[in-house]
Amino acid sequence: MGDVPDALRITPLKDRKSSVYLTKYEVARIIGERARQIVNGTSVLLESQNGCGTGNSLELAEGCADPFAASVDPIHITKLELLQGRIPMIVRRTWPDGRTENIPVNELKVDKMLLDVQH
């Protein structure tokens with residue numbers, strides 16, 4: 002793994018010392034960053050009940066009769082993606098001694114109470 006920079010290297014499970022849960026601060030940062038990506042036109046990665054799968058946020062909005070519906074709200078979409086474990090991000094946790102852990106978001110658990118989503 003010499004060609005992968007340390008900033009991108011995923012910390013193996015056996016070497017992780019931190020919690021398996023996302024903190025409320027990590028959840029807030031992930032929701033903000035992912036919602037911004039969706040607003041800027043990144044594909045939505047929701048696993049939908051109707052089998053639509055992934056799609057562009059503009060296509061989702063155009064197919065919706067109510068432009069203010071939760072189904073086109075980027076924050077709501079992001080929360081659902083987080084619950085489904087489909088957000089392609091990495092959380093970097095830094096310890097006081099300078100050691101860091103890089104963990105994919107989909108490998109971390111989220112407290113559903115932090116998301117306040119009824120689906």
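Just so we're aligned, residue 2 is where the sequence shown starts under the working numbering, counting upward by one.
Yeah, the Cβ is synthetic: ideal placement off N, Cα and C, and Gly gets one too.
Just so it is clear, the structure is predicted and the values come from calculations on it, not from any experiment.
Cβ atoms of V111 and V92 stay farther apart than 8 Å, at about 11 Å.
Under the 8 Å Cβ criterion, the region 34-42 does not count as touching the region 5-15, having fewer than three qualifying pairs. Going by C-alpha positions, R37 is about 17 Å away from Y26. Its chain contains K80, L83, L84 as the residues whose beta carbon lies nearer than 7 Å to that of L116, once the 5 sequence neighbours on both sides are disregarded; these appear in chain order. Its Cα nearest to that of R94, the residue V21 stands out among V45, V21, D74. In the structure shown, the three-state DSSP call for K18 is coil.
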